[in-house]
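Undergrad: Chains as they are written, first to last, in our numbering: chain A, 307 to 580; chain B, 23 to 421. Just so you know, even glycine gets a beta-carbon here, dropped at the ideal spot from N, CA and C.
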């Protein structure tokens, strides 16, 4: 919680960059290299997705990443070990685990508490666990001193938005478009009014995600949220370089290329500003 | 009647509403709309009228005399859902939800389908009510069930292939949920079984309980008493809940559900969710789920595409947990033999799904013995399965 509160703040000078990658896509070495590359690019937090057989909140890009990681045997337990390794190798930024609920249920409360107690992880985000079903997991997270990150969408009713905004900790995830994760040309038509309403209700920083893939989109959202989350656009860069990422001797070359591509497409501000 | 689900859509610990935030408003809106419509006598009358004038209800209760004699135990009665328009009980629910969609002002229906029966029922109702219809169907299932794909298209439906995962019912349901999340503002998702997030399991039960309500009245009229047992097949479990629900508080009526045992529950090829699954969340509900030790959903198998699902309705999970209903696996082979038997002894070709119930019913009839009686839900007719049956026969198996 301390680490997350330090990195993700309200009304930052420029919106926090919060990237998403899938654990083990296409292998653990790539996940480690990507995490450090994204930190270097200025990420203020990292979302690590746990692959799942039935990712119903995800679009095709992250579905394929999930399938690749599952084929290689990635699991929630292995992902915890991977995060441990990231910390040991010196990753500083907060890490949010993005996982479907069934995986947590099967791990069980005891083992989950134990894994969250190490302090390596800074928050959980569960896309198929709406606020009304989140009581037990929320309590477990609180007992370990870390937030369960809630989501709100343009279809969230005003009364629920008020309740969720009040309860939100860490940051509140604003879904910019209806549907699943994935790159999009446009956001929901009511996006600006929606983000203003969320800002009004939320007692913590707010971040916007789903469909963001260009610096122009980031620019358009600037000032309306405290952070922006990019998933599919990053996973897509990984997917385009799978053969290079598979080999130990070509991996770092691919990672460099991904950094350049992301800087160019997504983060020109960061390139010039730092 | 028992007061469940509770306000959170829970049947004991089962059920609930595990959906992405984008869909929360839609399921709440649906819950309000359903409760309001179901409490309105005009809507109920419209539903009953449509079932009568369009689907041919009430369906008969047939005393299977020669089958009963052959088994040599309890008397077997068949609730003839196979005689519904489109050939199965699926139409009861499709009519109910279709009328509700129209009442809510939604012009676009979407549905998931495995074998295609629910897809056909939805496309039928869409045509009847003048609504548009998209049916999500796994690519593998489209290949296996070409005739139903063609049938849906004849009815004006659009069949959308689900190309993810194993390309079967589970993936078609994922795709339907994803599409719904994107088009939630003007689209009605017509789920085909007592699965999914609250209020679906309750709503589909209410639209299917007509089966049990009729059967109870018909059996009473024919015999002056209640049956000793009810038997139905269970995939998601809508035909079974439809039959069981009106009898839940008649404690002496035993309830039996037949799960798809596939090639045997000690192999990897079955769909026996209660026998071999663990508690988990699938498609919006907490229930029993076939999954590996990490919680990844496993691919089920059954000769009958309608039972080929890795989850089960949360109300069945609850009834099993309190012991009110008992669920037993029935293998492919046993189901195929039951098809043969009913064809030859009663002149009725049952759906492969319903044949699972028949196989279990034969066993229960023997156990109950003479002088007792049971009702089997003959949930659908087997015309759709003729190709599968031919393959088995040619391969030298039964049926």
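Quick one: what's residue 372 of chain B bridged to in DSSP?
TA: Counting from 1 along the second chain, the entry for residue 372 of chain B is found at position 350. B/403, per the DSSP bridge assignment.
Undergrad: Please tell me whether residue 353 of chain B and residue 283 of chain B are closer than 7 Å, where the distance is taken between their beta carbons.
TA: For the purposes of this step, residue 353 of chain B is taken as residue 331 along the second chain, with counting starting at 1. For the purposes of this step, residue 283 of chain B is taken as residue 261 along the second chain, with counting starting at 1. Closer than 7 Å, so yes.
Undergrad: I'd like the list of long-range same chain contacts for residue 532 of chain A, defined as Cβ closer than 8 Å, with 5 residues on each side in sequence excluded.
TA: Residue mapping note: residue 532 of chain A aligns to position 226 of the first chain, counting from 1. Around residue 532 of chain A: 314, 315, 316, 317, 318, 321, 322, 477, 511, 512 and 513.
Undergrad: Would you grab the beta carbon distance between residue 486 of chain A and residue 326 of chain A for me? Rounded to a whole angstrom, and I think it's under 8 Å.
TA: In the first chain, the residue the question calls residue 486 of chain A occupies position 180. In the first chain, the residue the question calls residue 326 of chain A occupies position 20. The pair is not a contact, with the Cβ atoms about 13 Å apart (cut-off 8 Å).
Undergrad: Would a C-beta distance cut-off of 7 Å place residue 356 of chain A and residue 385 of chain A closer than the cut-off?
TA: Here residue 356 of chain A refers to the residue found at position 50 when the first chain is read from its first residue. Here residue 385 of chain A refers to the residue found at position 79 when the first chain is read from its first residue. Contact: yes.
Undergrad: Please work out which residues of its chain come closer than 6 Å, Cβ to Cβ, to residue 245 of chain B, disregarding the five sequence neighbours upstream and downstream, and give them in chain order.
TA: Counted from its first residue, the second chain places residue 245 of chain B at position 223. Excluding residues within five positions, none has a Cβ falling inside 6 Å.
Undergrad: Roughly how many angstroms separate the alpha carbons of residue 300 of chain B and residue 312 of chain B, rounded to a whole number?
TA: For the purposes of this step, residue 300 of chain B is taken as the residue at position 278 of the second chain. For the purposes of this step, residue 312 of chain B is taken as the residue at position 290 of the second chain. Roughly 7 Å between the two C-alpha positions.
Undergrad: So residue 354 of chain A and residue 404 of chain A are supposed to be a Cβ contact under 8 Å. How far apart are they, rounded?
TA: The residue given as residue 354 of chain A occupies position 48 in the first chain. The residue given as residue 404 of chain A occupies position 98 in the first chain. Indeed they touch by this definition, with Cβ atoms about 7 Å apart.
Undergrad: Under a three-way DSSP split, which group does residue 365 of chain B fall into?
TA: Residue 365 of chain B sits at position 343 when you count from the first residue of the second chain. In the structure shown, residue 365 of chain B sits in a helix (DSSP, three-state: H, G or I).
Undergrad: Residues in the region 444-475 of chain A with C-beta within 9 Å of chain B's C-beta atoms, listed in sequence order?
TA: Going along the region 444-475 of chain A in chain order, one finds 456, 457, 458, 459, 460, 461, 462, 463, 466 and 470 with a Cβ nearer than 9 Å to chain B.
Undergrad: Run the CB neighbour count on residue 312 of chain A, radius 10 Å, all protein chains shown included, and call it buried at 16 or more, exposed below.
TA: In the first chain, residue 312 of chain A corresponds to position 6, counting from 1. Under this definition residue 312 of chain A is an exposed residue.
Undergrad: With 7 Å set as the bound, which would you pick, yes or no: does the beta-carbon of residue 643 of chain A sit closer than that to a beta-carbon of chain B?
TA: Only positions 307 to 580 of chain A appear in the structure, and residue 643 of chain A is not among them; the question remains open.
Undergrad: If residue 378 of chain A sits next to residue 425 of chain A, beta carbons under 8 Å apart, how far is it from one beta carbon to the other, in whole angstroms?
TA: The count along the first chain starts at 1 and reaches residue 378 of chain A at position 72. The count along the first chain starts at 1 and reaches residue 425 of chain A at position 119. 27 Å between Cβ atoms; not a contact.
Undergrad: Taking residue 412 of chain B as part of the alpha helix (DSSP H), name the residues at either end of that continuous run.
TA: Indexing the second chain from 1 puts residue 412 of chain B at position 390. Note, residue 412 of chain B: alpha helix (DSSP H), 408-416.
Undergrad: Have a look at the DSSP bridge pairing and note the partners of residue 351 of chain B.
TA: As a first step, residue 351 of chain B is located in the second chain; it is residue number 329 there, counting from the start. Bridge partners of residue 351 of chain B: B/281.
Undergrad: Kindly indicate which three-state DSSP category residue 168 of chain B falls into: helix, strand or coil?
TA: Indexing the second chain from 1 puts residue 168 of chain B at position 146. Helix, per DSSP.
Undergrad: Please report the distance separating the alpha-carbon of residue 398 of chain A from that of residue 347 of chain A.
TA: For the purposes of this step, residue 398 of chain A is taken as the residue at position 92 of the first chain. For the purposes of this step, residue 347 of chain A is taken as the residue at position 41 of the first chain. Approximately 13 Å, taken between the alpha carbons.
Undergrad: Using alpha carbons as the reference points, say which of B/189, B/263, B/366 and B/355 lies closest to residue 342 of chain B.
TA: Numbered from 1 along the second chain, position 320 holds the residue referred to as residue 342 of chain B. Of the listed residues, the one whose Cα sits closest to residue 342 of chain B is B/263.
Undergrad: Which residue's Cα is closest to the Cα of residue 206 of chain B: A/417, A/432 and A/461?
TA: Numbered from 1 along the second chain, position 184 holds the residue referred to as residue 206 of chain B. The shortest C-alpha separation from residue 206 of chain B is found at A/461.
Undergrad: To be precise: take each residue of the region 219-240 of chain B, compare its Cβ to all Cβ atoms of chain A, and keep it if any distance is under 7 Å. Which residues remain?
TA: Residues passing the 7 Å Cβ filter: none.
Undergrad: Using a Cβ cut-off of 7 Å, pull out every chain A residue sitting near residue 385 of chain B, in sequence order please.
TA: By 1-based counting over the second chain, the position of residue 385 of chain B is 363. What residue 385 of chain B touches in chain A: nothing, since even the nearest Cβ is about 34 Å away.
Undergrad: Within 6 Å: the Cβ of residue 254 of chain B and any heavy atom of the ligand PLP?
TA: The model on display carries no ligand, and the ligand PLP is accordingly not part of it.
Undergrad: Roughly how many angstroms separate the alpha carbons of residue 124 of chain B and residue 156 of chain B, rounded to a whole number?
TA: The sequence position of residue 124 of chain B within the second chain is 102, counting from 1. The sequence position of residue 156 of chain B within the second chain is 134, counting from 1. Going by the C-alpha atoms only, they are around 16 Å apart.
Undergrad: Is there contact here, the region 45-63 of chain B with the region 96-111 of chain B, by at least three beta-carbon pairs under 8 Å?
TA: The region 45-63 of chain B is not in contact with the region 96-111 of chain B.
Undergrad: State the Cα-Cα distance for the pair residue 500 of chain A and residue 455 of chain A, rounded to the nearest angstrom.
TA: Translated into the one-based positions of the first chain, residue 500 of chain A becomes position 194. Translated into the one-based positions of the first chain, residue 455 of chain A becomes position 149. Approximately 18 Å between the Cα atoms of the pair.
Undergrad: Are residue 95 of chain B and residue 388 of chain B touching if we call contact CB-CB under 7 Å?
TA: Stepping through the second chain from its first residue, residue 95 of chain B is reached at position 73. Stepping through the second chain from its first residue, residue 388 of chain B is reached at position 366. Yes; because the gap between Cβ atoms is below 7 Å, this pair is in contact.
Undergrad: List, from N- to C-terminal side, the beta strand (DSSP E) runs of 3 residues or more that fit wholly inside the region 244-292 of chain B.
TA: Counting only runs of 3 or more, we get 251-255 and 276-284.
Undergrad: Rounded to whole angstroms, what is the Cα-Cα separation between residue 89 of chain B and residue 242 of chain B?
TA: Against the second chain, residue 89 of chain B aligns to sequence position 67. Against the second chain, residue 242 of chain B aligns to sequence position 220. Going by the C-alpha atoms only, they are around 21 Å apart.
Undergrad: Mapping DSSP to helix, strand and coil, what is residue 132 of chain B?
TA: The residue given as residue 132 of chain B occupies position 110 in the second chain. If DSSP states are grouped into helix, strand and coil, residue 132 of chain B belongs with the strands.
Undergrad: At the 7 Å Cβ level, is residue 47 of chain B part of the contact set with chain A, yes or no?
TA: For the purposes of this step, residue 47 of chain B is taken as the residue at position 25 of the second chain. Yes, residue 47 of chain B counts as interfacial toward chain A.
Undergrad: For residue 484 of chain A, which three-state DSSP category applies?
TA: Against the first chain, residue 484 of chain A aligns to sequence position 178. Residue state, collapsed to three classes: coil.
Undergrad: By the criterion of Cβ-Cβ separation under 7 Å, what are the contact partners of residue 38 of chain B in chain A?
TA: Position 16 of the second chain holds residue 38 of chain B. What residue 38 of chain B touches in chain A: 439.
Undergrad: Going along the chain, which residues of its own chain have a beta-carbon closer than 6 Å to the beta-carbon of residue 178 of chain B, five neighbours each way excluded?
TA: Locating residue 178 of chain B in the second chain gives position 156, where the first residue counts as 1. Closer than 6 Å at Cβ, skipping near neighbours: 149.
Undergrad: Hey, out of A/474, A/472, A/497 and A/473, whose CA is closest to residue 483 of chain A's CA?
TA: In the first chain, counting from the first residue as 1, residue 483 of chain A sits at position 177. The option with the nearest alpha carbon to residue 483 of chain A is A/497.
Undergrad: Measure the C-alpha to C-alpha separation of residue 446 of chain A and residue 412 of chain A and round it to an integer number of angstroms.
TA: Counted from its first residue, the first chain places residue 446 of chain A at position 140. Counted from its first residue, the first chain places residue 412 of chain A at position 106. Near 15 Å, if we compare the C-alpha coordinates of residue 412 of chain A and residue 446 of chain A.
Undergrad: What are the partner residues of residue 398 of chain B, as DSSP defines its beta bridges?
TA: Stepping through the second chain from its first residue, residue 398 of chain B is reached at position 376. In the DSSP output, where bridge partners are listed per residue, residue 398 of chain B has B/100 and B/253.
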